[in-house]
Amino acid sequence: MKTFLIAAVATAVMVPLALPSEAAKCSRVSGQGTAVTNLLATANANMALEEAMKAKGLKAKGKSAVSCKYEVVLSTCTATQRGCK
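FYI, the numbering used here numbers position 61 of the sequence shown as 765, with every residue one higher than the one before it.
What follows is the structure in structure tokens.
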């Protein structure tokens, strides 16, 4: 009985994730920013991400992830986030 209950719960959780209609409504959106410091580059990347979401007509889901790379004098950051209609 316990095995059946675990299988039923696992199936109930996996079915919505497997539906193609839900996957088609969401996408990964990114924005890039470049500046002298990481702080400014991060702010630019987040603003670019917001503008990309607005341009595609998506609403943000979850937290955004920011990765930065320092190159010679400038810092380049990329912000990514999941967006759904």
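Even for Gly, the Cβ is constructed at its ideal location relative to N, Cα and C.
V740 and G787 have their C-alpha atoms some 29 Å from each other.
For T746, the secondary structure class from DSSP, reduced to helix, strand or coil, is helix. Closest option to K773, judged by alpha-carbon separation, among K765, G766, A783: A783. DSSP, reduced to helix, strand and coil, places K729 within a helical segment of the structure shown. A residue is called buried when at least 16 other Cβ atoms come within 10 angstroms of its Cβ; V733 meets this threshold and is buried.
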